[in-house]
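Taking our numbering, I'd label the letters of the sequence shown as residues 2 to 158. For every residue, glycine included, the Cβ atom is placed at its ideal position computed from N, Cα and C. Computed from a prediction, not measured in an experiment: that's the story for all the values here. Step one of this worksheet: look at the structure below.
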Amino acid sequence: MKRFLSVATATIVLLAFGTAAQASSNAKVPHLAGSSSDLNNAKFQPGNYSLKVHVMGQEVSALMVEAQDSVRLSKNIQVFDQFNKPIAATVSMNGQMATITFAQPVKPDTSLRVELRNVQNPNALPTAFFSVSSQVVGLGSEIALGTTQVTTRYGRI
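Rendered as structure tokens:
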């Protein structure tokens, strides 16, 4: 119970900081800027999800995306900048965590669109959650950007 309360408190604090950074137009930290889904009509077909990350302040060398609950990521992930140009990156999987390592660090004032393709949602959850963190150049640890919620429209009539 104590561990649960600690995790819940940490999650609320992280979400509060992520929301504060997102709300400020002159934020100097990378932050989540939105998310969307592009799903097939068939309930159990893989779907595509899009996450938007705004790089601010310092260069970012990697992004980590973790799917929550029963949602399963595939290695089919592509990243584009605000001009819709692909950004060279390698993707590695560790369970439900995808690590996207950029060939060159992403410069500040860049908006990234992370395309998660062929994502499995076997329980047809109506909402998918993805935790996103970044690796900033010069820092030895990950910075949590927050958790984004994507409505899947599954379960609706």
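Exercise for the section: Classify Asn-122 as buried or exposed, calling it buried when 16 or more other Cβ atoms lie within 10 Å of its own Cβ. Expected result: Flag for Asn-122 reads buried.
Handout entry: Whether Val-66 touches Phe-130 by CB criterion (8 Å)
Key = Contact flag unset, no.
Handout entry: Per-residue burial, Pro-31 [other beta carbons within 10 Å of its own, 16 or more giving buried]
Key = So Pro-31 counts as buried.
Exercise for the section: Use the C-beta contact count for Ser-134: other C-beta atoms within 10 angstroms, 16 or more gives buried, fewer gives exposed. Expected result: Result: buried.
Exercise for the section: Return the residue from the list Pro-47, Gly-58 and Asn-124 that minimises the CA-CA distance to Ser-112. Expected result: Ranked by how close their Cα comes to the Cα of Ser-112, the residues Pro-47, Gly-58 and Asn-124 have Gly-58 in first place.
Problem - Under the three-state DSSP convention, the category Ile-101 falls into - result: Ile-101: strand per DSSP, three-state reduction.
Handout entry: Local conformation of Lys-86 per DSSP, three classes
Key = In this structure, Lys-86 counts as coil in the three-state DSSP scheme.
Problem - Through-space distance from Pro-47 to Gln-105, alpha-carbon basis - result: Cα-Cα distance, rounded: 30 Å.
Exercise for the section: Assuming Gln-136 and Val-61 form a contact by the criterion Cβ under 8 Å, report the distance between their Cβ atoms to the nearest whole angstrom. Expected result: Yes, they are in contact, since the Cβ atoms of Gln-136 and Val-61 sit about 7 Å apart, within 8 Å.
Handout entry: Which of helix, strand or coil DSSP assigns to Ser-71
Key = Here DSSP, grouped into helix, strand and coil, assigns Ser-71 to coil.
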